[in-house]
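K.L.:
Here's a structure for you.
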Amino acid sequence: MNLKPLADRVIVKPAPAEEKTKGGLYIPDTGKEKPQYGEVVAVGEGKVADNGQLVQMQVKAGDKVLYGKYSGTEVHVEGEDYLIMRESDIFAILG
Amino acid sequence: MNLKPLADRVIVKPAPAEEKTKGGLYIPDTGKEKPQYGEVVAVGEGKVADNGQLVQMQVKAGDKVLYGKYSGTEVHVEGEDYLIMRESDIFAILG
Amino acid sequence: MNLKPLADRVIVKPAPAEEKTKGGLYIPDTGKEKPQYGEVVAVGEGKVADNGQLVQMQVKAGDKVLYGKYSGTEVHVEGEDYLIMRESDIFAILG
Amino acid sequence: MNLKPLADRVIVKPAPAEEKTKGGLYIPDTGKEKPQYGEVVAVGEGKVADNGQLVQMQVKAGDKVLYGKYSGTEVHVEGEDYLIMRESDIFAILG
Amino acid sequence: MNLKPLADRVIVKPAPAEEKTKGGLYIPDTGKEKPQYGEVVAVGEGKVADNGQLVQMQVKAGDKVLYGKYSGTEVHVEGEDYLIMRESDIFAILG
Amino acid sequence: MNLKPLADRVIVKPAPAEEKTKGGLYIPDTGKEKPQYGEVVAVGEGKVADNGQLVQMQVKAGDKVLYGKYSGTEVHVEGEDYLIMRESDIFAILG
Amino acid sequence: MNLKPLADRVIVKPAPAEEKTKGGLYIPDTGKEKPQYGEVVAVGEGKVADNGQLVQMQVKAGDKVLYGKYSGTEVHVEGEDYLIMRESDIFAILG
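Residue numbers (UniProt numbering), protein chains in the order written: chain F, 1 to 95; chain G, 1 to 95; chain R, 1 to 95; chain U, 1 to 95; chain H, 1 to 95; chain P, 1 to 95; chain B, 1 to 95.
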């Protein structure tokens, strides 16, 4: 995919609603229609701290992540739906 | 559990509502239905301060903690319910 | 008591409403039902400043303190009621 | 008085509503019932700046001060009424 | 006048509503009743920056200033009305 | 004009609504009644950063600028109308 | 174009609603009327950080960018419509 997120933004490919991860993770019923689980496909270079220093990203492309139900902005690229969100919208990485 | 929280997030396994700790701690009646007491099962690496420096976590896996009644986001992993919250949502550690 | 407050939190044992301190301090009538006076029973290690430095606590266990009427969260431990609040909710120490 | 204010807090003894200072200062009619003029009786050690440094207080015990009409919290000590406020609630010192 | 403003506060003597400055400045009709133009009579020592450093004041006693219509708190000293405001409420100095 | 703006404030002479710049810039119909285009006539010395350092202004007297429709406070000086606004209210300089 | 954006502002030429990029990117139906995709035509010199340091821009003129649907202020220059927005309103660069 040819989108390069800016700052501390992350592009995530949401998992299909019916998907169930190997680790047995699934999203509670109330979250079924818009899953909170996905895979990171691209990350920005990080946020600039108040002192002008770059803060490294903690997630990387390929990470399976859990994120807030209302996080991110939907974008449609090459026939697929993605979400662009800030790294702070990501709760945890599925290890 | 295979979830790695990001930044200053903590994953907590809430105690059953009827549970009573050894120390005699219990949550007042108004808190019964959704207990404010639980055990930390995973912690992030810490928050990045305004100067770009990492702030160490004060809680660790295994800590019994007290937290705000409306803290955290519920997540269901391998048949169990957990809460993902920020460390600042935790009031105290039961020593 | 076996609760260790996190960050700049303080655990206070509120004084009984009828109590009158040696110094003659008492709370005005409007404050009678939920006293604003109590004794500190445990303190956290302090808040982390914006530059990542630890800010020492000014109150310590045993201090008699005056605090805002709506400060803190109630918690019941070993048959007693306590309040968990931030140090910034404490107005003054009764010397 | 045996109350030691915390941080940048100040304890003020409000002047009686009918009082008129030597300098001829008096509070406009709309302010009569709860005077905005008083004497500082105790001060805290100062606020901790964002970099963890202590900021010295500008007022001291004995200063006659002018403060906002709705500033501070009332407290009754040894038969007298006082106000506990932050130094930033004080507008000016009557020299 | 014997009032010493604290921090970045300024005491201003508002110009009479009918006054017209030499430079030809006057306040539009909507501002007539409570003029936005006055003379500085006293200034504080300045605000303390986030790093604990003192920020010098830009206005001084004697400066003719323009300020926001709803800026400041009215105070009556020795038979005269003044406004106490923060330096940031002052828009410009009439040179 | 004899007004010296404080801090990061700028005094702007708004262009007449019917004016059309050489570069062909004009404001869309919805902005006709109160133009968003004008010329800087005076600038302050800059804002003081959180560390007490002065931040230089980017605009100077004579710059043609584009600003938000609801930016600034109107002031009438020597028979002319001006706007006093902060530099951050200015979007761009017409080069 | 002769507009020089201030600080961290960016001027973007929005793509026509019907445009489809080479990479196959298009905006979902709900976004058709006001496209979120465009080309950067001018950038400011960057934002000044809290410590007075200049933070470099990440986008440059010529970049194809994706931005929030309600981002920016419309401006009409030399017969064309542009948007002036802050760099933080830009989500990603189409590489």
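Glycine is no exception: its CB is placed at the ideal position from the N, C-alpha and C atoms. Fair warning: this is a prediction, and the values are worked out from it, not measured in the lab.
Could you check whether D89 (chain B) and residue 176 (chain B) sit closer than 8 Å to each other, using their CB atoms as the reference points?
P.N.:
Because residue 176 (chain B) is not part of the residues shown, which for chain B are 1 to 95, the question remains open.
K.L.:
G38 (chain G) and V12 (chain G): beta carbons closer than 8 Å?
P.N.:
Locating residue 38 (chain G) in the second sequence gives position 38, counting from the first residue. Locating residue 12 (chain G) in the second sequence gives position 12, counting from the first residue. Yes, Cβ-Cβ distance for G38 (chain G) and V12 (chain G) is below 8 Å.
K.L.:
To the nearest angstrom, how far is it from the Cα of A49 (chain R) to the Cα of D50 (chain U)?
P.N.:
Locating residue 49 (chain R) in the third sequence gives position 49, counting from the first residue. Locating residue 50 (chain U) in the fourth sequence gives position 50, counting from the first residue. Straight-line Cα distance between these residues: approximately 6 Å.
K.L.:
Among P:V43, P:K4, P:L3 and P:P16, which residue has its Cα nearest to the Cα of E87 (chain P)?
P.N.:
As a first step, residue 87 (chain P) is located in the sixth sequence; it is residue number 87 there, counting from the start. E87 (chain P) has its Cα closest to that of P:V43, out of P:V43, P:K4, P:L3 and P:P16.
K.L.:
Mind listing the chain U neighbours of V51 (chain R)? Cutoff is C-beta to C-beta under 8 Å, in chain order.
P.N.:
Here residue 51 (chain R) refers to the residue found at position 51 of the third sequence. Looking at the sequence itself, residue 51 (chain R) is Asn, so the reference to Val does not match. The contacting residues are D50, N51 and G52.
K.L.:
For P35 (chain R) and chain U, any beta-carbon pair shorter than 8 Å?
P.N.:
Translated into the one-based positions of the third sequence, residue 35 (chain R) becomes position 35. Annotation note: pLDDT 49 at P35 (chain R) (below 50); position unreliable, coordinate value reported separately. Not one chain U Cβ lies under 8 Å of P35 (chain R).
K.L.:
Between the region 55 to 71 of chain G and chain R, which residues of the former have CB atoms less than 8 Å from a CB of the latter, in chain order?
P.N.:
The residues in question are V55, Q58, V59, L66 and G68.
K.L.:
Could you check whether K60 (chain H) and V40 (chain H) sit closer than 8 Å to each other, using their CB atoms as the reference points?
P.N.:
Looking up residue 40 (chain H) in the fifth sequence gives position 40. Looking up residue 60 (chain H) in the fifth sequence gives position 60. Their beta carbons are under 8 Å apart, which means V40 (chain H) touches K60 (chain H) by this criterion.
K.L.:
With distances taken Cα to Cα, identify the nearest neighbour of K64 (chain P) among P:A15, P:R9 and P:A7.
P.N.:
Start at 1 with the first residue of the sixth sequence, and residue 64 (chain P) comes out as number 64. The shortest C-alpha separation from K64 (chain P) is found at P:A15.
K.L.:
For E87 (chain H), which of helix, strand or coil comes out of DSSP?
P.N.:
Counted from its first residue, the fifth sequence places residue 87 (chain H) at position 87. Three-state DSSP puts E87 (chain H) in a helix.
K.L.:
Using DSSP with H/G/I as helix, E/B as strand and the rest coil, what is A7 (chain B)?
P.N.:
To locate residue 7 (chain B), count along the seventh sequence from 1; it is residue 7. Three-state result, A7 (chain B): coil.
K.L.:
In whole angstroms, what is the alpha-carbon distance linking K22 (chain R) and L3 (chain U)?
P.N.:
On the third sequence, position 22 is the one that residue 22 (chain R) refers to. On the fourth sequence, position 3 is the one that residue 3 (chain U) refers to. The predicted position of K22 (chain R) is uncertain, since its pLDDT is 49 and thus under 50; a value taken from the coordinates is nonetheless stated next. Approximately 12 Å between the Cα atoms of the pair.
K.L.:
Which chain G residues are close to A92 (chain F), counting only those with a beta carbon under 9 Å from its beta carbon?
P.N.:
The sequence position of residue 92 (chain F) within the first sequence is 92, counting from 1. Those within 9 Å of A92 (chain F) in chain G are L3, K4, P5, L6, R9, I11, A42, G44, V75 and I84.
K.L.:
I need the straight-line Cα distance from L92 (chain U) to S71 (chain F), nearest angstrom please.
P.N.:
What you label residue 92 (chain U) is simply residue 92 of the fourth sequence in a count that begins at 1. What you label residue 71 (chain F) is simply residue 71 of the first sequence in a count that begins at 1. Looking at the sequence provided, one finds Ala at residue 92 (chain U) rather than Leu. For A92 (chain U) and S71 (chain F), the distance between alpha carbons rounds to 48 Å.
K.L.:
Taking only three categories from DSSP, how would you classify P14 (chain H)?
P.N.:
What you label residue 14 (chain H) is simply residue 14 of the fifth sequence in a count that begins at 1. P14 (chain H): strand per DSSP, three-state reduction.
K.L.:
Which class does K69 (chain P) belong to by DSSP, given the choice of helix, strand or coil?
P.N.:
Residue mapping note: residue 69 (chain P) aligns to position 69 of the sixth sequence, counting from 1. K69 (chain P) falls in the coil class under three-state DSSP.
K.L.:
So K95 (chain G) contacts chain R; which residues on that side make the cut at Cβ distance below 8 Å?
P.N.:
Numbered from 1 along the second sequence, position 95 holds the residue referred to as residue 95 (chain G). It should be pointed out that residue 95 (chain G) corresponds to Gly in this sequence rather than to Lys. The answer, in chain order, is N2, L3 and K4.
K.L.:
Please list, in chain order, all residues of the same chain as G46 (chain F) whose beta carbon is under 8 Å from its beta carbon, the five residues on each side excluded.
P.N.:
Counting from one through the first sequence, the residue named residue 46 (chain F) turns up at place 46. These residues qualify, in order along the chain: A7, D8, L54, V55, Q56 and M57.
K.L.:
Going by DSSP, what residues sit across from G38 (chain B) in a beta bridge?
P.N.:
Translated into positions along the seventh sequence, residue 38 (chain B) becomes position 38. Answer by DSSP bridge pairing, in chain order: B:P14 and B:V65.
K.L.:
Do you know offhand how far V10 (chain F)'s Cα is from I84 (chain R)'s?
P.N.:
Working through the first sequence from its first residue, we reach residue 10 (chain F) at position 10. Working through the third sequence from its first residue, we reach residue 84 (chain R) at position 84. Whole-angstrom Cα-Cα distance: 37 Å.
K.L.:
Let me make sure I understand the geometry here. Which of H:Q36, H:L66, H:G95 and H:V77 has the alpha-carbon closest to that of L94 (chain U)?
P.N.:
On the fourth sequence, residue 94 (chain U) is found 94 positions in, with the first residue counted as 1. Closest option to L94 (chain U), Cα to Cα, is H:V77.
K.L.:
Quick one: Cα of Q36 (chain F) to Cα of L66 (chain F), how far?
P.N.:
Taking the first sequence and counting its residues from 1, the one referred to as residue 36 (chain F) is at position 36. Taking the first sequence and counting its residues from 1, the one referred to as residue 66 (chain F) is at position 66. C-alpha separation (whole angstroms): 6 Å.
K.L.:
What's the gap between the Cα of P5 (chain B) and the Cα of D81 (chain H)?
P.N.:
Locating residue 5 (chain B) in the seventh sequence gives position 5, where the first residue counts as 1. Locating residue 81 (chain H) in the fifth sequence gives position 81, where the first residue counts as 1. Approximately 45 Å between the Cα atoms of the pair.
K.L.:
What did DSSP end up calling K47 (chain B) once you bin it into helix, strand or coil?
P.N.:
For the purposes of this step, residue 47 (chain B) is taken as residue 47 along the seventh sequence, with counting starting at 1. Three-state result, K47 (chain B): strand.
K.L.:
At the level of alpha carbons, what is the spacing between T73 (chain U) and G79 (chain U)?
P.N.:
Here residue 73 (chain U) corresponds to residue number 73 of the fourth sequence, with the count starting at 1. Here residue 79 (chain U) corresponds to residue number 79 of the fourth sequence, with the count starting at 1. C-alpha separation (whole angstroms): 16 Å.
K.L.:
When you compare the CB of L66 (chain H) with every CB in chain C, is at least one pair closer than 8 Å?
P.N.:
Although the question refers to chain C, the structure presented lacks it and instead comprises the protein chains F, G, R, U, H, P and B.
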